[in-house]
Amino acid sequence: MRLIKQILIGFTGIGMIILIISLFLPSHVRVSKSILLSVSKDSVSNSLSQIQTWQHWNPLLQDKTTAYHFSGDNKVSWKTDDNKTNTIALERLSADSIIAVITTDNKQVFQSGFNVVKNTDNTGLTKVDWWIAEDLKWYPWEKFYGLFSESLKETYIDNSLKSLKQYLESK
Numbered sequence: 001m002r003l004i005k006q007i008l009i010g011f012t013g014i015g016m017i018i019l020i021i022s023l024f025l026p027s028h029v030r031v032s033k034s035i036l037l038s039v040s041k042d043s044v045s046n047s048l049s050q051i052q053t054w055q056h057w058n059p060l061l062q063d064k065t066t067a068y069h070f071s072g073d074n075k076v077s078w079k080t081d082d083n084k085t086n087t088i089a090l091e092r093l094s095a096d097s098i099i100a101v102i103t104t105d106n107k108q109v110f111q112s113g114f115n116v117v118k119n120t121d122n123t124g125l126t127k128v129d130w131w132i133a134e135d136l137k138w139y140p141w142e143k144f145y146g147l148f149s150e151s152l153k154e155t156y157i158d159n160s161l162k163s164l165k166q167y168l169e170s171k
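Residue 59 in the working numbering sits at position 59 of the sequence shown, with consecutive numbering throughout.
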């Protein structure tokens with residue numbers, strides 16, 4: 001009985017320490033990357049605002065075994081192996097800014113967006129900023145997940161932007 005009591009006190013103490021540490025971790029993760037493209041600003045904006053073109057550069061929409069269902073120029077949905085429905089819906093905020101809301105079973109997972117800016121020194125370059133923002137719950141495992149997901153999202157954005165550059169500059 002004494003051993004069980006010590007084990008319970010130990011687990012409770014460790015749990016409290018983990019909870020206290022997680023309270024100091026951020027509850028919001030935001031990752032952004034940018035790239036310069038040798039393509040006109042209008043061409044980049046048009047490609048980003050039409051979700052069908054994302055199949056050419058975004059790995060999320062390149063799975064050959066998945067059936068993607070496009071609704072107009074700004075929405076795509078698909079079913080996962082565990083029968084959940086993922087959706088990406090695009091909203092154009094301005095000529096320079098596009099927001100993508102990513103949901104799973106109608107619950108927002110995270111938000112993403114693009115800012116497209118023409119380079120001011122007339123070199124014909126266009127800068128594309130891509131950001132992903134995710135709000136985390138207060139649970140300790142969510143906060144620790146946020147620490148690791150940041151590097152995964154950075155790699156995903158970086159590889160996707162390189163694919164976007166290759167796709168648009170070869171058109």
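We put the beta carbon where it would ideally sit given N, CA and C, even for glycine.
Predicted, not measured: the structure shown is a model, and the values here were computed from it.
Environment of residue i [buried if 16+ CB atoms lie within 10 Å]
| i | result |
| --- | --- |
| THR126 | buried |
| LEU48 | buried |
| ALA100 | buried |
| SER173 | Nothing about residue 173 can be reported from this structure: the residues present for the chain run from 1 to 171 only. |
| ILE157 | buried |
| TRP54 | buried |
Residues sharing a beta bridge with residue i, DSSP
| i | result |
| --- | --- |
| LYS75 | ALA89 |
| TRP131 | SER32 and GLY113 |
Residue of the options minimising C-alpha distance to residue i
| i | options | result |
| --- | --- | --- |
| ALA133 | ASP82, GLU154 and ILE51 | GLU154 |
| SER163 | ILE17, ILE18, LYS41 and ASN58 | ASN58 |
| GLU91 | ILE7, ILE20, TYR139 and SER112 | SER112 |
| SER22 | MET1, GLU142 and LYS33 | GLU142 |
| SER151 | LYS5, LYS33 and SER27 | LYS33 |
Integer-rounded CB distance, given that residue j should sit under 8 Å from residue i
| i | j | result |
| --- | --- | --- |
| ASP82 | GLN50 | No, ASP82 and GLN50 are not in contact; Cβ-Cβ is about 29 Å, not under 8 Å. |
| ASP129 | PHE114 | 7 Å |
| LYS118 | LYS41 | 4 Å |
| LEU61 | VAL76 | 7 Å |
Boundaries (first-last residue) of the beta strand (DSSP E) holding residue i
| i | result |
| --- | --- |
| THR104 | 97-104 |
| GLY124 | First-last for GLY124: undefined, no H or E at that position. |
| ILE35 | 28-37 |
N-terminal and C-terminal residue of the alpha helix (DSSP H) that residue i is part of
| i | result |
| --- | --- |
| LYS162 | 140-170 |
| MET16 | 2-23 |
| ASN46 | 41-49 |
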